[in-house]
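Just so you know, we're using this note's numbering here: the sequence shown kicks off at 1125 and counts up by one. Note that the Cβ used here is the ideal one computed from N, Cα and C, for glycine as well. Keep in mind it's a predicted model, so treat the numbers as computed, not measured. So the structure is just underneath, and the comments pick up after that.
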Amino acid sequence: MEDFVTQYFLKTGAGWTVIGAMMAVMFGGVGSARGIRIAGGQAAGVLSEKPELFGKLLVLMALPGTQGFYGFIIAIFMAAQTGILGGALKVTPLMGLALMAVGICAGIVQYRSAIYQGEASAAAISMTARRPEESGRSILIPALVETYAVVALLASILFIMWVTAMKVA
1125 MEDFVTQYFL KTGAGWTVIG AMMAVMFGGV GSARGIRIAG GQAAGVLSEK PELFGKLLVL
1185 MALPGTQGFY GFIIAIFMAA QTGILGGALK VTPLMGLALM AVGICAGIVQ YRSAIYQGEA
1245 SAAAISMTAR RPEESGRSIL IPALVETYAV VALLASILFI MWVTAMKVA
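Here it is in structure tokens:
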């Protein structure tokens, strides 16, 4: 078993890539869970008094969950580009380390932005509770935070493409 780990994961770079991919998933997922908890807690308080607002609050509660999906997309793209998913493995140790760095950096952005988006969603939920007719405008508050999660996703995809296109030993 030890030989397999050394030969396959560390000497080929696949191990570093898997670590980076899982860091993107882990940070994105944990951040999303925390963000949804923040927004959901605020929504629960509002819905206990105004249950008719459920439809308007649902999107605001769910928005912080997108970062978990972005982390998953990054991981799948990383695995597909390197051949870890159903292809010939084509990742060197140096490429694996670079991809691990991409996964960690992307994961950190997804983690923090999900929490910030949960806080922004909680503020938007409070705004909607006071003025239900402003629910359309209130969604802009957490949507602005989403911008940076999307930027990190796109940057990750570009860096993954760049790293996997390099021919390094």
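- Within the same chain, Cβ atoms closer than 7 Å to the Cβ of Ile1281 are found at Phe1201, the five residues on either side in sequence being excluded.
- With a cutoff of 8 Å on beta-carbon distance, Leu1184 and Pro1256 are scored as not near each other.
- Three or more Cβ pairs closer than 8 Å define a contact, and the region 1164-1176 falls short of that threshold against the region 1209-1222.
- Taking a C-beta distance under 8 Å as the contact criterion, Met1219 and Thr1288 qualify as a contact pair.
- Restricting attention to alpha helix (DSSP H) runs no shorter than 4 residues, the region 1198-1266 encloses them at 1217-1254 and 1259-1262, ordered along the chain.
- Secondary structure at Gly1137: coil, using DSSP grouped into helix, strand and coil.
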